[in-house]
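Residue numbers (our numbering), protein chains in the order written: chain A, 1 to 575; chain B, 576 to 1012.
Written out as structure tokens, the structure is:
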């Protein structure tokens, strides 16, 4: 696990090495590019070129940079949100009463539906400036990234090992020190993994959030998303191809440059007390460890962070003994009364709003369309499982193949599926196929990989002795599937299927409506309903659609996935 | 009790300490009751007792991690309100931070106090060398064996130079040889005056360990936890486990720990304790018949000295005592002053074949375990011969903590299944008479 040290490098070299030169050039290049982007961001909205897009592929590197920076800005906001919201939810019992359910709902709300309204809000903050549009786009991306990260933080903080927590207290670590020494490191592996997932989720929103239409005005922020939108309007399939290529390269770049090293590095924080087999370090991490300049910078950051983390800041004084005094009932009562008051007010507002703007028939229609989308999701999950479970098992049982397949499946899961929509739309238009059926697979295009790579992981972890037992008793065919392998991989499968089905619901808003130039394909379903209402600027129906969809997702999770997950944990795991 | 006045400075003084958790049903669940403890400089003291006797709770109270429900704790004459600088703790599970190296783990306590980096490193290296970890400074805990990990735990506690070192079953997660090496290393450092501590308080359930290492032993009784006995260990270090006097003391402590609790005088107004009030210890039927067979055979012929038996079977006191007590509860054996005797019922069990054993076991259960009777009665009365486990667990929880109730129920399920008195469906959490008779 410890960094590989090369004697020649560790010895006191005074001169920078070749890698330093490479790193130096890269840093300078990055700085110039940053300056360029900042300039573009601070322009006025009607300045020439501020919100115009050209389909010339040579503009793509610049667009890709703008888009990537937008995503990282959103990621920064998400991290801030994670550290504040997630921590508050885990640390305060009273705050958790509100924060946890809210987060649970936010996770399943398709915020995409509210895009139009957030754009108006941010544009009013910075009238006439590109910055308002930028912030609106960043906010949209943020909403696709933040929830699962905050949830991961919350869950990690809730499961910090008791002995380590006790140890920190007994060694007088202040709350601040404990947070950075124990809680954040413990949460790190989960958080890094979720950050990676969030990044892929964000691409979905990039395409939708860079090109926005409010009323009669429409803007296109320079970026890959706008490029794709324009290409679709102008029916330029070659340009779509270029955009896909650019995005592939960007994803490959940050995957290799940032996330692989991060994941490998965060393995150090994994809470396990046995030395497991560790994969070899990714090349970027090796580069960072070998390059003097990068290493120095890294160490400087590390030292600064360590210094900050070890400050004896304390907000509550020295750690006290866990008292037995009951939490004050009076404050509890006051807090709950306050929550009830807020709830009553919200119910009153919603009721007033609904009775003014909506009729019962609207609700009926939304629920009916929700059922159609539900059928789609269920059918897709069944089909995807039928295809990927056997393949995943086959791959997983062969270690060589499992090692090859795993990164590919993870990469495919990171690839934003909506970029593959245009070719599919073209295909449907060309062959005059029914959108109700043929748009459906788009929903699962990006999410099916979760099933695959979880099943591969499950099959790879299947105990060797059980395999031998099955072979010894000549268990084969259907019996083998039923009694041996399916129960064996079930917990992994459920984990993957939960992610896949959640993603499919969210994708419905984008997947049930697709356009190619003037041709607009529309399937029947709740996603199309929301997309439609958004286009018309029909706020009540957008809200209704989003609420109904959230309700479907929450119910689907509670009634199907959670019991299945609990069953898998209870019955199908050894220990 | 020691009547001579101890002139050495007093470190910890615990008076009338009580720790109870509130239960809604009737009485509070008492973990510690009226415990007194004084600790002076220059002594190693053991808190010896079975699991669940509250000794670890007392250790946490002394460390300032836990505030007792009632009673006073003073540290050098000042009431204790939280972890103090003078106390450091070693954990049973080692409690090492997996993402910190050995060096960083050891520096943790110093860092928390804002000790400057250079001094931190110097002191940590000193502690690491003293405890025999030199060369492992840059290793991560997962690269170390259990014994080396606990050495890190020790170095981390010692580096802050605590006046009092607390150890919570520090060697129980290690194998026999490793644990022994660590014990002797620690005692050697203590005797040489190299250990930068004034006093040591350790929790253990290993009688020999306590006699080997400590100057004074407090024997705890369970339910509720009380100091049942306090004795001095008069032997000089290094001690020899095979010394007859050593063996005699170990034997005596076994006797103390197996002694039946004196029946407490009950107030006339207090209700009689429910037959369900005794928690059952999770002892499997296989190990019970195994022990009975061993006892019946040569060389024991129905009677064995517990320490010798434990030694022969490589059992710790925490394994052998629940086993003996359960056999006693079921009427298969009797515990007497550190010995175990097989009864006639036990003999006839040993001499029977599988089916008869089940019958004998079933009769013993119905005779001695009220909970089994209750379950069977309910099942017999119901038209469908089914009953949910939840109601029995609820009833148990009125008398004991939730985890004890769960253990007790699980034990009864295992016993009842073996005796074929009832069957149980884990998924539905339901007792039934399916496949019975």
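Built from N, CA and C at the ideal position, the CB exists for glycine as well. On a predicted model such as this, the values are computed, not experimentally measured, just so you know.
Neighbourhood of residue 88/A by C-beta, 7 Å cutoff - its chain only, sequence neighbours within 5 removed
Within the first chain, numbered from 1, the residue matching residue 88/A stands at position 88. Cβ within range, chain order: 95, 99.
Of the residues 621/B, 590/B, 656/B, which one's Cα is nearest the Cα of residue 805/B?
Taking the second chain and counting its residues from 1, one reaches residue 805/B at position 230. Nearest option by C-alpha distance: 621/B.
What's the gap between the Cα of residue 610/B and the Cα of residue 595/B?
For the purposes of this step, residue 610/B is taken as the residue at position 35 of the second chain. For the purposes of this step, residue 595/B is taken as the residue at position 20 of the second chain. Cα to Cα, the separation comes out at about 12 Å.
Could you tell me whether any Cβ in chain B is nearer than 9 Å to the Cβ of residue 6/A?
Within the first chain, residue 6/A is the residue found at index 6, counting from 1. Note that residue 6/A scores 39 on pLDDT, short of 50, meaning its location in the model is unreliable and no value can be drawn from it.
If the criterion is Cβ atoms closer than 9 Å, does the pair residue 577/A and residue 442/A meet it?
Outside the shown range of chain A, which is 1 to 575, sits residue 577/A, and nothing can be said about it.
In chain B, which residues lie with their C-beta within 7 Å of the C-beta of residue 133/A?
As a working mapping, residue 133/A is identified with position 133 in the first chain. Neighbours of residue 133/A on chain B: none; closest Cβ ~42 Å, over 7 Å.
State yes or no: is the beta carbon of residue 299/A nearer than 9 Å to at least one beta carbon in chain B?
Against the first chain, residue 299/A aligns to sequence position 299. Not an interface residue.
Name the two residues that bound the continuous beta strand (DSSP E) containing residue 914/B.
On the second chain, residue 914/B is found 339 positions in, with the first residue counted as 1. It spans 914-917 - the beta strand (DSSP E) in which residue 914/B sits, taken as one unbroken run.
Stretch pair the stretch 664-677 of chain B + the stretch 180-193 of chain A: three plus CB contacts closer than 8 Å
The answer is yes - the stretch 180-193 of chain A touches the stretch 664-677 of chain B, with three or more Cβ pairs under 8 Å.
Cutoff 9 Å: residue 963/B Cβ touching any chain A Cβ:
For this step, residue 963/B is matched to residue 388 along the second chain. Output row for residue 963/B: interface = no.
Chain B beta carbons: is any one of them nearer than 9 Å to that of residue 121/A?
Your numbering for residue 121/A matches position 121 in the first chain. Answer no: the Cβ-Cβ gap between residue 121/A and chain B never drops below 9 Å.
Let's test the definition: count the other Cβ atoms within 10 Å of the Cβ of residue 841/B and tell me whether it reaches 16, buried, or not, exposed.
For the purposes of this step, residue 841/B is taken as residue 266 along the second chain, with counting starting at 1. Bear in mind that the predicted position of residue 841/B carries a pLDDT of just 46, short of 50, making it too unreliable to give a figure here.
Which class does residue 127/A belong to by DSSP, given the choice of helix, strand or coil?
Here the question's residue 127/A lines up with position 127 in the first chain. Coil, per DSSP.
Measuring straight from C-alpha to C-alpha, what distance separates residue 660/A and residue 170/A?
The displayed coordinates of chain A run from 1 to 575. Any statement about residue 660/A would go beyond what the structure contains.
Return the CA-CA distance between residue 800/B and residue 710/B, expressed in angstroms with no decimal places.
In the second chain, residue 800/B corresponds to position 225, counting from 1. In the second chain, residue 710/B corresponds to position 135, counting from 1. Distance between the alpha carbons of residue 800/B and residue 710/B is about 43 Å.
Between 959/B, 945/B, 958/B, which lies nearest to residue 967/B when the distance is taken from Cα to Cα?
Here residue 967/B refers to the residue found at position 392 when the second chain is read from its first residue. Checking every option, the nearest Cα to that of residue 967/B belongs to 945/B.
Do you know offhand how far residue 555/A's Cα is from residue 504/A's?
Numbered from 1 along the first chain, position 555 holds the residue referred to as residue 555/A. Numbered from 1 along the first chain, position 504 holds the residue referred to as residue 504/A. Spanning the two alpha carbons is a distance of roughly 15 Å.
Which residue marks the beginning of the beta strand (DSSP E) containing residue 740/B, and which one marks its end?
Against the second chain, residue 740/B aligns to sequence position 165. 739-743 is the span of the beta strand (DSSP E), which, as asked, contains residue 740/B.
Three CB pairs or more closer than 8 Å across the stretch 773-780 of chain B and the stretch 610-619 of chain B:
yes
Other residues of its chain near residue 764/B: CB distance less than 6 Å, five sequence neighbours each side excluded
Stepping through the second chain from its first residue, residue 764/B is reached at position 189. 770, listed in sequence order.
6 Å CB neighbourhood of residue 4/A in its chain, flanking five on each side removed
Position 4 of the first chain holds residue 4/A. Per-residue confidence for residue 4/A stands at a pLDDT of 38, beneath the threshold of 50, marking its modelled position as unreliable; no derived number is given.
Straight-line gap, residue 334/A to residue 352/A (C-alpha atoms, nearest Å)
Position 334 of the first chain, counting from 1, holds the residue named residue 334/A. Position 352 of the first chain, counting from 1, holds the residue named residue 352/A. Going from the Cα of residue 334/A to the Cα of residue 352/A covers about 27 Å.
State yes or no: is the beta carbon of residue 541/A nearer than 9 Å to at least one beta carbon in chain B?
Translated into the one-based positions of the first chain, residue 541/A becomes position 541. For residue 541/A, the answer is no, since every Cβ of chain B falls outside 9 Å of its Cβ.
Less than 6 Å between C-beta atoms, sequence neighbours within five positions excluded: which residues of the same chain meet that for residue 540/A?
Looking up residue 540/A in the first chain gives position 540. The answer, listed in chain order, is 357, 358.
List the endpoints of the continuous alpha helix (DSSP H) containing residue 784/B.
Within the second chain, numbered from 1, the residue matching residue 784/B stands at position 209. Start and end: 782-788.
If we count the other Cβ atoms within 10 Å of its Cβ and call it buried at 16 or more, is residue 951/B buried or exposed?
As a first step, residue 951/B must be located in the second chain, where it is residue number 376. In this structure residue 951/B is buried. Its beta-carbon is surrounded by 16 or more other beta-carbon atoms within 10 angstroms.
For the structure I just gave you, are there three or more beta carbon pairs, one from the stretch 864-878 of chain B and one from the stretch 907-927 of chain B, closer than 8 Å?
yes
Give the secondary structure of residue 355/A by DSSP, where H, G and I count as helix, E and B as strand, and everything else as coil.
Residue mapping note: residue 355/A aligns to position 355 of the first chain, counting from 1. In the structure shown, residue 355/A sits in a helix (DSSP, three-state: H, G or I).
Can you look up residue 654/B in the DSSP assignment and give me helix, strand or coil?
Here residue 654/B refers to the residue found at position 79 of the second chain. Residue 654/B falls in the strand class under three-state DSSP.
With DSSP collapsed to three states, give me the class of residue 725/B.
Walking along the second chain from the start, residue 725/B turns up at place 150. The answer is helix: DSSP assigns residue 725/B an H, G or I state.
Quick one: is residue 622/B near chain A, going by C-beta distance under 9 Å?
Walking along the second chain from the start, residue 622/B turns up at place 47. Taking 9 Å as the threshold, the shortest C-beta distance from residue 622/B to chain A does not fall below it.
With a threshold of 16 other CB atoms inside 10 Å of the CB of residue 843/B, please say whether the residue is buried or exposed.
Mapped onto the second chain, residue 843/B falls at position 268. Per-residue confidence for residue 843/B stands at a pLDDT of 48, beneath the threshold of 50, marking its modelled position as unreliable; the derived number appears in the next sentence. So residue 843/B ends up on the exposed side.
Where residue 596/B sits in the DSSP three-state scheme
By 1-based counting over the second chain, the position of residue 596/B is 21. In the structure shown, residue 596/B sits in a strand (DSSP, three-state: E or B).
For residue 916/B, which residues in the same chain have their Cβ closer than 7 Å to its Cβ, ignoring the five residues on either side in sequence?
Residue numbering aside, residue 916/B sits at position 341 when the second chain is read from its first letter. Within the same chain, residue 916/B has close Cβ partners 877, 878, 908, 909.
Below-9 Å beta-carbon distance, residue 170/A vs any chain B residue:
What you label residue 170/A is simply residue 170 of the first chain in a count that begins at 1. Yes, its Cβ sits closer than 9 Å to a Cβ of chain B.
Within 9 Å of any Cβ in chain B, is that where the Cβ of residue 177/A sits?
As a working mapping, residue 177/A is identified with position 177 in the first chain. Interface residue, yes.
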